[in-house]
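Everything in the sequence shown is counted per my numbering, starting at 8 for the first residue and increasing by one.
The C-beta atom is built at its ideal place from N, Cα and C for all residues, glycine as well.
The structure under discussion appears below in the form of structure tokens.
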Amino acid sequence: MGSMDLVHICASAFAAVFFLLMVLAIVMRVIIVVFPQREAKADAAVLAAVATVAASVYSGTKITKVEEIK
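Okay, structure coming up:
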């Protein structure tokens with residue numbers, strides 16, 4: 008095996024990996040377009056858990072409103 012054979016093998020392996028990553032990126036983009044992220048709605052159980060934890064951390068307080076900061 009000559010030196011040029013090793014360079015050729017490394018270059019072709021690099022090109023193959025680059026091509027596979029490009030194909031995976033395209034597939035991920037298609038999946039994101041086909042299945043967009045849904046808006047997260049506040050779940051009653053999550054709000055109750057947040058209120059319980061906040062009340063236990065800050066004892067003696069009453070939680071009146073829980074908001075998500077974006």
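Our two residues, Ala62 and Ala47, have alpha carbons roughly 24 angstroms apart in a direct line. A straight line joining the alpha-carbon of Val41 with that of Val14 spans about 41 angstroms. A Cβ-Cβ contact shorter than 9 angstroms links Ala58 with Val73. Boundaries of the alpha helix (DSSP H) around Asp12: 10-41.
Per DSSP, Ser63 is one residue of the alpha helix (DSSP H) stretching across 51-64.
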